[in-house]
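Numbering (the working numbering), first residue to last: 51 to 144.
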């Protein structure tokens, strides 16, 4: 199976931990070279984030487990890039 190089996830998380701590924890997972979280929406109890992860060989299940350990959940997988290189999507700007 081709390695996963990029994941873009729609994540629902409570306000705690904060976005910096949340993103830092994800960025420390094995195989992740870069982690970005963008706040899309803020409600009374939760935030919706667009999380972008890049690396040489991402482990979706390890990422999902870490997100759940941080009291959040993956709402959807919005983009996956696999193979020896990534292909930018002009509609998403990535």
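Glycine included, C-beta positions come from ideal geometry on N, C-alpha and C.
Here the structure is a predicted model, which is why all the values come from computation and not from measurement.
Should residue i go down as buried or exposed, given a rule of 16 or more other Cβ atoms within 10 Å for buried?
i, result
"residue 105", "buried"
"residue 82", "buried"
"residue 92", "exposed"
"residue 137", "exposed"
Would you grab the beta carbon distance between residue i and residue j for me? Rounded to a whole angstrom, and I think it's under 8 Å.
i, j, result
"residue 100", "residue 139", "So it is not a contact: roughly 14 Å between Cβ atoms."
"residue 63", "residue 122", "3 Å"
Mind checking who residue i pairs with in its DSSP beta bridge?
i, result
"residue 98", "62 and 91"
Sorry if obvious, but does the Cβ on residue i come closer than 7 Å to a heavy atom of the ligand FAD?
i, result
"residue 57", "For the structure depicted, the ligand FAD is absent and the ligand set is empty, with no information on it obtainable."
Checking 8 Å against the spacing of the C-beta atoms, do residue i and residue j come in under that value?
i, j, result
"residue 102", "residue 135", "no"
"residue 53", "residue 116", "no"
"residue 69", "residue 84", "no"
TODO: Give a yes or no on contact between the region 65 to 79 and the region 126 to 134, applying the rule of three or more CB pairs nearer than 8 Å.
DONE: The region 65 to 79 is not in contact with the region 126 to 134.
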